[in-house]
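Asks: Let me give you the structure first, and then I'll get to my questions.
Residue numbers (our numbering): 103 to 197.
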């Protein structure tokens, strides 16, 4: 569903694989802003906000970007700021 503004809750998080420690590093809500998720038909989807999105995918889900996000105080999550999306897996949990 397309939205006109950010939505979601402080239960949101992003993560990055730490190859040196061979484990997942989780970045939880920093409480700096409430820019959890954004979904717009013309803009694609984004997670996190501030000066950058933690993760962003274009509407065609072929191109993406990542940068430091104040929402989660996360670093760039991808190996380069812009990337090609080869696979996209989305999880959702309901009660």
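Backbone N, C-alpha and C define an ideal beta-carbon position, used for all residues, glycine too. Quick caveat: nothing in here was measured; it's all calculated off a predicted structure.
For residue 134, which option in 122, 190 and 153 has the closest C-alpha, if you only look at C-alpha atoms?
Replies: 153
Asks: When the distance is taken between beta carbons, is residue 139 closer than 8 Å to residue 126?
Replies: No, the Cβ-Cβ distance between residue 126 and residue 139 is not below 8 Å.
Asks: Alpha carbon to alpha carbon, how far is residue 196 from residue 110?
Replies: 13 Å
Asks: Look at the Cβ atom of residue 131, then the Cβ atom of residue 112, and state whether they are nearer than 8 Å.
Replies: yes
Asks: Is the beta carbon of residue 181 less than 8 Å from the beta carbon of residue 116?
Replies: no
Asks: Can you give me the C-alpha to C-alpha distance between residue 157 and residue 123, rounded to a whole angstrom?
Replies: 22 Å
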